[in-house]
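Protein chains in written order, with our numbering: chain R, -8 to 257; chain W, 16 to 697; chain Z, 998 to 1351; chain X, 4 to 309. For glycine and all other residues, C-beta sits at the position ideal for the given N, C-alpha and C. Have a look at the structure below, then the notes.
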């Protein structure tokens, strides 16, 4: 399914490197000493049984949780503790396992909100809705419309997202993340709760995002078929520990992974 | 106000003759004849209507507009670009995709250089496309998006002549091998670069346009037909332009019309109504955002001139009825009350007949409270003229629209005639006729009832098929339509009964026009499709398709649980309901003196007739013989007297995979009205 | 059924994002504004001006302010009365100490001061949410009420503790008659409402609503909570401050801190609950409702010919307000504005039900 | 100097016990249903009014019994008419609903019981008691009515605390507070629990109203005084019964001390027209506290899940 051009991911530079990161809540260890990297332009899957620490790992990457130990390097610069909006500023976007849209707003406004970072015009121009503020609204609207076109959600653009079916909500959420023009896009189970057709559509969109916008993607997914089709490399976690890391074929035949999925590990 | 009895003796001379309404229009008509190809018309329009909108496309959330002058610029750049990439005179250029301005421009860009556009149905599977591309010897394909590119790439090995694929929508195509794949923007850029490099290039292009002649081949439209391989109907510029101008004059179409282009590009209807007529009359073509938003887009634009097969009008009524069933009691009563008022008086008022004052008053209220808002919701309130064509329309459906004040008219046309054969002039509207010959058209009825015509729009021939051409076109220029018809003595209009070959007789000698009965059945919102058999049989039988929207809605209201289309279709209560419909049809057939052709038995098919399975054509016509063959066991059971029958058919899914679908279908007997003995004797 | 939208298509984003994209709405609003400016003065009398129109307009501004904070940004505030007081006293002091200041500037200054105080009391919103914030704003309310009663400088050492404003003049015209006050207030309201509408439909509005609907997701897309919440407090307090100044200057003329007590806060909150959270139109509807209901109640016994004490009427008023609030929250948490929107949608869809 | 301060402190603590009692009503409801009951103050007023007017016509005991019935009926009406219809709504909507209830009760109470100032005569001793006369000259003055009120309140608080720790209903209530759905799935009827806590907090309001009423007379401002319970809650944490008690004492003592110690300083510094900082001191104290420790003294730390 991957585009035939065949970028050489293996030789790519690391966009994000996680080194020896550990995270605990109270006494509970969520992540223990995990190291891995995400290379520029790749689709990186993170898999593992429930409670393996996958979502926690994403939360660490985009600044929700501060790891107790370890180092994170993003775009070549080591990163200290930060808030999520700082991660956003740095170029990390994110979708959630349970859709986290702004329910009271239309699909269009949700995606427009995703461009908050790109909008700079001052308060008074906005108050008057003229000049630079208007020009900016229009410019950003055009960019957002391209995303709407890309995700084929024209027909729901002015509908409140709360009223949309689940599959479309997920698509709008992806649109909002895309609107940020991120360098790194984190997708937390983008296909959870979807039927086969919706899954296929979403896979297509993820591949297209990667190919068309060149966005680096890290995604958590349960459907192994999807993971194998989509990703360049797969990281496997179990109980907060990394048990495998490699190209899909390798991971698939890794004994530790098979055990973890059959519930035999430890 | 206007002379409806124009002599039906066609030709260019007539087209150029003014009818004495506004000078401007005469000027347009005259100039159009000087401009005898579409590229020449484009250059004329860019002069005459420079700043007026020519194309709108809902894209990126708003209506992007191009004026005629801008369109000329775009087409010119495109055309020069194509030339640089190797397009030569008489090359065939396939156009595949939905209604987008740039695909229409591609046609004109090709025509400017003497190329011949060959629009192909965008939903055709790769196999169908391969046949046409090969048969038409296509060298360049201009397509919409990745989907079509993928289709073409899958068959490209078999098409050595196809050297270039040009696409409109770049999404997903970035990483493709671009050796013989080009984005329209890049083609245009090549063109623009050449044009700006020196004035000579522009003159050369204009010379190429000037070299085009009216008698040149303008377009090839492949008709799917009901049997056999598609045939390439060759139409010249003269065919299309003269027909279009005559059509414009017949209905006084001017540069102010708004049409929404949503029908398949490969259909002659779309080609004339969204390409030839806008080019000749100078009005604006509006392309919808996506197939899902057509009705929304239609409402935004407010079409003034519409053209659609009956199915569209039918669907809108079904939608209206279904929605009104869900409305509150008060509103529902009001709706039905005013609908009754409209049915009684609406047509008369539209036809400017004399009606009593109270009726006018009631209708006025109805217009304010019901018809106006309804038309507004359906996006038809600005419609000045709407045509239904392609198939006969149910009289009830036809009257419904006219009763609401929509000037719906019937038109009879064919690809081989560049559409126009007959049409109903304003003020002479009948539900069961297709009107008088259009300007420039002669018709006659054959001994066996077949309609023949002669007109400036008569096609040049079937591509690479002189045999078929000779079969259809007599040496003295008459064309066989393949339809059986008669001239109505009262109105002088043509009446189409059925396909000439489909009109049959029962074993007892009664006349059977299957389509006529099918249309009666299909008027019921619950019945989506009907196929009637009886030729050389003892009695008439019908196979029905339910309408999932209407019946599903009914089921919901009546707490009928169903898991699938198949289950709903086989539900006994659904059968009861349909049996009532069939009996009503029988009654009306008996009333109209066709008692012999009443339906004795019927069944409800377990699946919808589907174009992907070849059961209906892409233009939604039932392939009766094919269906008969495919469902032979069912037909045998219908005539064999069995209570039910097993059927197993191969179906094609949306993604092209195939599978088997089996079902046990029940058969129902229906009451018939007694056949008067007099009738039988006759 | 009044809406006939066929043929209304947009060829630019500007037109598509206009305040009233539907032509019928546009004409209706233009007609309404023209009516308010030109026709109302032809027939309105003193009572209509001072008891209905002027209070409705001024309180609408306050309601718009609170709606920006609570309805759009989701930050509950019970301190509106206090912020109105800040506006009123700021205006009083500026007019008193710099008598030559243009009255428009005085009102802007009032808004500005309220804004500063608003930001100060909005700071806790960065750490706390919901009812906790309600209590924090209540602190603002009680503190401010107290400050204006006790700090003598604010009241210019008036022994009675009440202050009175002098002549109000704009470009040489004395704003003294109810009709002039009405026109002035109307103009202010129109301008401020337009500004608010512009804010809420643009970047700021989306930022606020994002914060309201899901603060975590808002942060993920790069919205700073500090920026979003404090800007909402600032804008909101500005509007409320201007409303307070207008209330003091043009409705009361002279007042004590009691005029801006906690009940004023509740009154404004009720306006936006009944009118509609997250709706500029709702602010107007809510203000009208809250102003008109007591007037109606006071008249009702007379119309019905029943003798009723004013105390009883006031108690019934309390009960009714309470009941209506609960009723709205149960039946239509988005208030009159939503009812209006539903009615409008029905008219647009007519005769179809959906 | 120390004498008067101590005296103020004791007086403040006694008022604080009353605050605690009102706050307890809040906590009960908040724990069981997540509703921030702004109407608690109005309930206090309503209960006090009922009792005051009834006691004019009948013996105290009967008046008390009737008032109890009225408060239970009121709880039932609120549960049936309002809460049941707002299940699954956001907390902020419920909060505003209680604001509506508060308004309704204030209007309703005054229309049926009248809006004058009514006395509640509980027959408590009025002669001031002097204690610690050996330590301070003149001793410390304590109002015996206040003392008795404080003791009653303290007993009430204790009874409730025990009730919730020990009884089956108490356990069920705590289960509901932890997790609505889980509680429901093990067969605890939510509606009953809610009715229960509203009735109990109605009783608490009645007791509080009687005490306040005996001290200050029953009048409209009672519902505003009851608002003081809000800062108490913030200090103590919304879900903690001990928090409510400790918070009440801190606020009660704090605001009295502030009035005595801080107000004169403020008056001098800012040239104020009098003190009266009790009106806001509690709130501002709570506000400052919020910024330092948002979950309150005894509240549970909220960990946000993503």
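Consider the Cβ of residue i: report whether some Cβ of chain Z lies at a distance smaller than 7 Å.
| i | result |
| --- | --- |
| residue 120(R) | yes |
| residue 110(X) | yes |
| residue 423(W) | no |
| residue 385(W) | yes |
Is residue i close to chain W? Criterion is C-beta to C-beta, closer than 7 Å.
| i | result |
| --- | --- |
| residue 1023(Z) | no |
| residue 100(R) | no |
| residue 1001(Z) | yes |
| residue 1038(Z) | no |
| residue 202(R) | yes |
With H, G and I counted as helix, E and B as strand and the rest as coil, what does DSSP make of residue i?
| i | result |
| --- | --- |
| residue 3(W) | The structure shown does not extend to residue 3(W), since chain W is modelled only from 16 through 697, so no value can be given for it. |
| residue 1005(Z) | coil |
| residue 1351(Z) | coil |
| residue 37(W) | Residue confidence is low: residue 37(W) scores 37 on pLDDT, short of 50, so the model does not pin down where it sits. Its coordinate-derived value is still stated next. Residue state, collapsed to three classes: coil. |
| residue 493(W) | coil |
| residue 509(W) | strand |
| residue 1070(Z) | coil |
| residue 621(W) | coil |
| residue 479(W) | coil |
| residue 166(W) | helix |
| residue 1140(Z) | helix |
| residue 203(X) | helix |
Is the shortest distance between the beta-carbon of residue i and the beta-carbons of chain R less than 7 Å?
| i | result |
| --- | --- |
| residue 307(W) | yes |
| residue 75(W) | yes |
| residue 165(W) | no |
| residue 1064(Z) | no |
I'd like the list of long-range same chain contacts for residue i, defined as Cβ closer than 6 Å, with 5 residues on each side in sequence excluded.
| i | result |
| --- | --- |
| residue 605(W) | 688 |
| residue 1064(Z) | 1269, 1280 |
Near residue i, which residues of its chain fall below 8 Å by C-beta distance, leaving aside the five closest residues on each side in sequence?
| i | result |
| --- | --- |
| residue 257(X) | 15, 284, 285, 288 |
| residue 207(X) | 24, 25, 27, 28, 31, 159, 163 |
| residue 552(W) | 521, 522, 654 |
With a cut-off of 8 Å, do at least 3 Cβ pairs link the segment 1266 to 1273 of chain Z to the segment 141 to 154 of chain R? no
Check whether the segment 1178 to 1186 of chain Z and the segment 1106 to 1116 of chain Z are in contact - that is, three or more C-beta pairs closer than 8 Å. no
I want to know whether the segment 594 to 605 of chain W touches the segment 565 to 575 of chain W - three or more CB-CB distances under 8 Å. In the pairwise beta carbon analysis, the segment 594 to 605 of chain W is classified as not touching the segment 565 to 575 of chain W: fewer than three pairs are separated by under 8 Å.
Stretch pair the segment 158 to 171 of chain R + the segment 95 to 109 of chain R: three plus CB contacts closer than 8 Å: yes
Does the count of Cβ pairs from the segment 1072 to 1091 of chain Z and the segment 1283 to 1299 of chain Z closer than 8 Å reach three? By the Cβ test, the segment 1072 to 1091 of chain Z is not in contact with the segment 1283 to 1299 of chain Z, since fewer than three Cβ pairs between them sit closer than 8 Å.
Whether or not the segment 229 to 247 of chain R and the segment 52 to 66 of chain R are in contact is what I'm after, with contact meaning three or more pairs of Cβ atoms, one per stretch, closer than 8 Å; do they touch? no
Does the structure place the segment 257 to 270 of chain W close enough to the segment 136 to 144 of chain W that three or more beta carbon pairs sit under 8 Å? no
Taking 8 Å as the threshold, find out whether the segment 1324 to 1333 of chain Z comes into contact with the segment 83 to 95 of chain X through three or more Cβ pairs. Counting Cβ pairs under 8 Å, three or more are found: they touch.
Runs of 4 residues minimum, wholly inside the segment 210 to 253 of chain X: which ones carry the alpha helix (DSSP H) assignment? 224 to 228, 232 to 239
Let me know the beta strand (DSSP E) ranges lying completely inside the segment 81 to 139 of chain R, each 3 residues or longer, listed in chain order. Listed in chain order, the complete beta strand (DSSP E) runs (minimum 3 residues) inside the segment 81 to 139 of chain R are 83 to 86.
Taking contact to mean 3 or more Cβ pairs, one atom from each stretch, closer than 8 Å, check whether the segment 418 to 435 of chain W and the segment 399 to 408 of chain W are in contact. yes
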